[in-house]
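**Q** There's a structure below that I have some questions on.
Number of protein chains: 2
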Amino acid sequence: ALDHPYSLRAGTTPAELLKKLNEQRDIIALMEVKMKEMKSTIRQLRVTEAELREEVRERDRMLGVQGVRRRGAG
Amino acid sequence: ALDHPYSLRAGTTPAELLKKLNEQRDIIALMEVKMKEMKSTIRQLRVTEAELREEVRERDRMLGVQGVRRRGAG
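Chains as they are written, first to last, in the numbering used here: chain A, 1 to 74; chain B, 75 to 148.
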């Protein structure tokens, strides 16, 4: 459901279409770089989250939060 | 420094250029949606990170990590 697709207007030359095409291509290339950066940021934040959760668990153990019933073995 | 920009080849019609232009436009629209999602994910992960850091600090306080010298007032 994309509105306003490009359409041929009177006076639109192939050279103009080509210029626009290359502009779009550059935009896509920049967006790809940006997305790659964001993916890397997300990956790093997930690693940090896992580490912090482990730190919290570790401190909980140190605090002897043992009122919690251990149901399973181990 | 982008390689292979589009160029006019013999037989490339304005209709073909237009088709390509609209294809790229759709790609850009999809990428924008994806980037918006990733931005939202990053924002959420940063909130979670801040919360977890606070949890760690809180437990450190509970553990009485007071060997740390307090230099400032407060």
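Ideal Cβ placement from N, Cα and C applies to all residues, glycine included. Since this is a predicted model, take the numbers as computed values, not measurements.
For V33 of chain A, would you say it is in contact with chain B, using Cβ-to-Cβ distances shorter than 9 Å as the test?
**A** Not an interface residue.
**Q** Rounding to the nearest angstrom, what Cα-Cα distance links R99 of chain B and K34 of chain A in this structure?
**A** 18 Å
**Q** Cα separation between A15 of chain A and A103 of chain B?
**A** 24 Å
**Q** Hey, L63 of chain A and R127 of chain B: beta-carbon distance below 9 Å or not?
**A** no
**Q** Leaving out the 5 sequence neighbours to the left and right, which residues in its chain are closer than 8 Å to A73 of chain A when beta-carbon positions are compared?
**A** In this prediction, A73 of chain A has a pLDDT of 46, which is less than 50 and means its spatial position is unreliable; what the coordinates show is noted afterwards. Cβ within range, chain order: n/a, list empty.
**Q** Taking buried to mean at least 16 other C-beta atoms within 10 Å of its own C-beta, is K36 of chain A buried or exposed?
**A** exposed
**Q** Leaving out the 5 sequence neighbours to the left and right, which residues in its chain are closer than 7 Å to T122 of chain B when beta-carbon positions are compared?
**A** none
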